[in-house]
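> Residues 1 to 264, numbered by the UniProt record's numbering, are exactly what the sequence shown covers, in order.
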Amino acid sequence: MYNFNTSGINLCCYALILGSAFNYTFGQSLDEPDKNVATTDQINIKHNEPLPVERCDDFEITGNGNNPYWSASEWNFLTKIDKGGKDYETKYKILASSTGIYILFYGEDDKITTEDYGDMDKIWNGDVFEIFFHPNPKETVYYEYEVNQFEKQLVLTISDSEGGLPWVPFNEYGKEQYGVENKVEIIGGAKQLNGKIKSWRAEIFISYKSLGLLPNVPPKSGTIWNANFCRIDYDTGNMVKWSWTPTIKNSFHELNKFQSIIFK
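#1: Compare the Cα-Cα distances from residue 154 to each of 127, 141, 261, 69 and report the closest residue.
#2: Decide yes or no for the touch test of the segment 178-189 against the segment 205-225: beta carbon pairs closer than 8 angstroms, at least 3 of them.
#3: Which residues in the same chain as residue 234 place their Cβ atom closer than 7 angstroms to its Cβ, once the five residues preceding and following it in sequence are excluded?
#4: Using C-beta distances below 6 angstroms, list every residue in its chain close to residue 246, excluding the 5 sequence neighbours before and after it, in chain order.
#5: Quick one: what's got a C-beta closer than 8 angstroms to residue 192's C-beta in the same chain, skipping five residues either side?
#6: Enumerate, from N- to C-terminal direction, the unbroken beta strand (DSSP E) stretches of 3 or more residues contained entirely within the UniProt domain "Carbohydrate-binding" (63-152).
#7: Can you tell me where the beta strand (DSSP E) with residue 251 in it begins and where it stops?
#8: Pull the bridge partners of residue 257 from the DSSP assignment, please.
#9: Please classify residue 237 as buried or exposed, where buried requires at least 16 neighbouring CB atoms within 10 angstroms.
#10: On the criterion of 16 or more Cβ atoms from any shown chain inside 10 Å, does residue 94 qualify as buried, or is it exposed?
#11: If I measure Cβ to Cβ from residue 152 and keep anything under 7 angstroms in the same chain, skipping five residues before and after, which residues do I get?
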């Protein structure tokens, strides 16, 4: 269980990151935002069969995904949407507690392909798992989380209004104050740059405090969000993407193509 000390700290105080610095990667332009916000018809289509998110008590994450609570959640598979490289099996599970959301990723891999990045750095230029939450498709604010094999993370709340400004939780007391925790386990090799491996897992806890600028937070029973779960791999030397939403083509920020989840 994660108890984030907020004494004297406002976790909803956000620092602005220059839009040009995060108009980032794989053509993930935040231009023309109105085209990315779902219409009522699109919302109804996606919500016909939302993915159920089971409830759990809070538990300690370890990276191995062996907590018994995970048995209540089914694996959901990502689709490889780019050509090149191996068709690595990639999948995720999701749970929700009274304090936040748990996500477990698993991905086959041959090599750790990244650089010596820090937290809140441009880790998308290396191997990452990514999470997107868009709690109200009628609004332009959504959340993005990324993690790499070295447990380095990027946390963004993005307004897809004109200008596409991303914001990050800011606090001088350290990364735990972002309201997010992660643990990564490497299988079949050493956790080192360019290390040969067989797969990797990432176990993530995102507190509702980290999602504090978004609508419909915390989610109640029956609450529906749009979401996507993604992966980037660079074993070929080029970016290769996986997405839970198979209709994504160029950018993980195609909000109108996100699928839906429903909280039990």
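Backbone N, C-alpha and C define an ideal beta-carbon position, used for all residues, glycine too.
Looking at the coordinates:
#1: By 1-based counting over the sequence shown, the position of residue 154 is 154. Here the closest residue by C-alpha is 127.
#2: yes
#3: If you number the sequence shown from 1, residue 234 lands on position 234. Excluding residues within five positions, the ones whose Cβ falls inside 7 angstroms are 113, 126, 127.
#4: Working through the sequence shown from its first residue, we reach residue 246 at position 246. Around residue 246: 79.
#5: Within the sequence shown, numbered from 1, the residue matching residue 192 stands at position 192. The residues are 112.
#6: 90-96, 100-108, 128-134, 141-147
#7: Indexing the sequence shown from 1 puts residue 251 at position 251. Premise fails: residue 251 is in no beta strand (DSSP E) and is neither H nor E.
#8: Position 257 of the sequence shown, counted from the start, is the residue given in the question as residue 257. Paired residue(s): none; residue 257 is not in a bridge.
#9: Taking the sequence shown and counting its residues from 1, one reaches residue 237 at position 237. Around the C-beta of residue 237, fewer than 16 other C-beta atoms lie within 10 Å, and the residue is accordingly described as exposed.
#10: In the sequence shown, residue 94 corresponds to position 94, counting from 1. Flag for residue 94 reads buried.
#11: Here residue 152 refers to the residue found at position 152 when the sequence shown is read from its first residue. Excluding sequence neighbours, residue 152 sits near 117, 118, 119, 121, 123.
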